[in-house]
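Once you know that position 382 of the sequence shown is 413 in this note's numbering, the rest is easy, because the numbers rise by one and skip nothing.
For every residue, glycine included, the Cβ atom is placed at its ideal position computed from N, Cα and C.
Data first, discussion second: the structure below is written as structure tokens.
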Amino acid sequence: MVQPSVRILHVVGEMNRGGIETWLMHILRHIDRDRFQMDFLVHTTQPCAYDQEICALGSKVISCPHPSRPWLYAHNFKRILRDYGPYDIVHSHVHHFSGYVLRLAQQAGVSVRIAHSHLDTSSIQAKAGWKKRFYIDLMKRWIARYATTGLAASSIAAADLFGLAWQTDPRWRTLYCGVDLKPFQALVDPVTVRTELGIPIDALVIGHIGRFEQQKNHQFLLEIFAEIAKREPKMHLLLVGDGSLRPEIERKVIQIGLANRVIFTGVRTDVPRLMLGAMDLFLFPSLYEGLGLVLIEAQAAGVPCVLSDIVPKEADLIKPLMHRISLSQPSVNWAEVILAARQAKLKIMHTEAFSLVEQSQFNIQKNGRELENFYLKLPQKYGYLI
């Protein structure tokens, strides 16, 4: 067998189902695996959802735990580079912590070191205490020093990690993450999908997909739904995902008396099918986002979206489907926007919406080729062999 010519180590927290991780899996499935070898360094010792598929595709999942214990982490990280390398590229997706990762990679002699920003956490940073502020400032300095190049999911994600003047530094650029659109072409029977979920056929279904973590703002989402429920007795809420706050949200649903109208699906592998067959509207009141790839998926499914105005505008591919509102607005105002979005006659059919997403940079086919070309241009600057 011919050895892959470019060896890449992606650094991520874990390879469970999430926006970054799912995008990396799309890339792994579509990239030329004869030309590129992608391995994954993770910050957990627990098995993750994508581990088996990664190994089946010829890649490795390598555990490097204890990022909160820097000396131990450094020892493990450098050992991994020795034992599993050499790697031509270390591509880090762990936001601020990428500063430490890329510093270690530079010390170990890795010639190409990529910091990838998938988030805009500026609103959270503004409220941080001095210790957190010191850590963030140090990591940003190390990224500026040790990253040979950097990618970002949007302009505001770039500004968050690389600074407001990021466009003046040729090392930094945006690379929109892509979506596998093939599942959105499937013919889906709404009656079958809703029956499986226990949702009445004539119900109006609001959907949300995301980890049960503070960023996704599930508490406010429930407040909005409670306001809608006062006006629309047949409304149901479909919550897809899992996370540390799920038990708290499940208790809250019971407390507000809406347990019979909220469905918790857990982690699902058939998100396109749920969007096409069950959701009438997608609600996305996130506190912060780097882009929000799930919004691209919702648009590919032709589903109207109501979202917080902090989400980067690069996510607005199909204007008639996108309805933005400020998080400073009360839940009653959000409810009114949702009901209006439901009642407004859409000016775009699903087939047309799908076609627009297919032609965009968010199509994984185009996105994968763009990343391949990016990787292949790097040796001209940094001298690894292809």
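Locate the beta strand (DSSP E) running through residue i, then write down its first and last residues.
i: G458; result: A query on residue 458 cannot be resolved here, the shown segment of the chain reaching from 32 to 417 and no further.
i: W203; result: 203–205
i: I356; result: 353–356
One question on the structure: do residue i and residue j come within less than 7 Å of each other, judged by their Cβ atoms?
i: V337; j: A384; result: no
i: P221; j: G333; result: no
i: A188; j: G321; result: yes
i: L352; j: Q374; result: no
i: G288; j: E244; result: no
i: S129; j: I174; result: yes
i: R38; j: D119; result: yes
i: C79; j: N107; result: no
i: K109; j: A139; result: yes
i: T75; j: E45; result: yes
i: V421; j: S123; result: Outside the shown range of the chain (32 to 417) lies residue 421, about which nothing can therefore be said.
Kindly list the residues whose CB is nearer than 6 Å to the CB of residue i, restricted to its own chain and excluding five residues on each side of it in sequence; keep chain order.
i: G50; result: L324
i: L72; result: L40, V42, I93, C95
i: E258; result: S362, V363, A366
i: G238; result: L269, M310, F313
i: I327; result: V210, F393
i: P343; result: S185, I187, L322
Can you name the start and end residues of the alpha helix (DSSP H) that residue i belongs to?
i: L305; result: 302–308
i: I255; result: 249–262
i: M56; result: 50–61
i: F385; result: 381–389
i: Q396; result: 395–408
i: D82; result: 82–87
i: A113; result: Going by the sequence as given, residue 113 is Arg instead of Ala. That run of the alpha helix (DSSP H) goes 101–115.
i: S186; result: 186–193
i: R176; result: 161–177
Might you give, ordered along the chain, the residues of its own chain that have their beta carbon closer than 7 Å to the beta carbon of residue i, omitting 5 neighbours on each side?
i: Q137; result: R144, Y177
i: L387; result: L348, I349
Report the three-state DSSP secondary structure of residue i (helix, strand or coil).
i: V219; result: coil
i: S317; result: coil
i: L225; result: As written in the sequence, residue 225 is Arg, which differs from the Leu given in the question. It is helical.
i: F243; result: coil
i: V125; result: coil
i: S153; result: helix
i: A146; result: strand
i: V392; result: Note that residue 392 corresponds to Gln in the displayed sequence, not to Val. Coil.
i: T76; result: coil
i: G130; result: helix
i: L322; result: coil
i: V92; result: strand
Can you name, in chain order, every residue of its own chain whose Cβ lies under 8 Å from the Cβ of residue i, other than the five neighbours on each side?
i: I341; result: D151, S154, S317, L318, Y319, E320, L358
i: Q392; result: Y207, G209, N398, E401
i: R242; result: G49, G272, D273, G274
task: Would you check if the region 282–297 and the region 261–272 touch, i.e. whether three or more CB-CB distances between them fall below 8 Å?
output: The region 261–272 is in contact with the region 282–297.
- request: Would you check if the region 210–225 and the region 244–252 touch, i.e. whether three or more CB-CB distances between them fall below 8 Å?
  value: The region 244–252, when compared against the region 210–225, does not touch it at the 8 Å Cβ threshold.
message: Does the region 173–187 come into contact with the region 144–157, if we say contact requires no fewer than three beta-carbon pairs (one atom in each stretch) closer than 8 Å?
response: A contact exists between the region 173–187 and the region 144–157.
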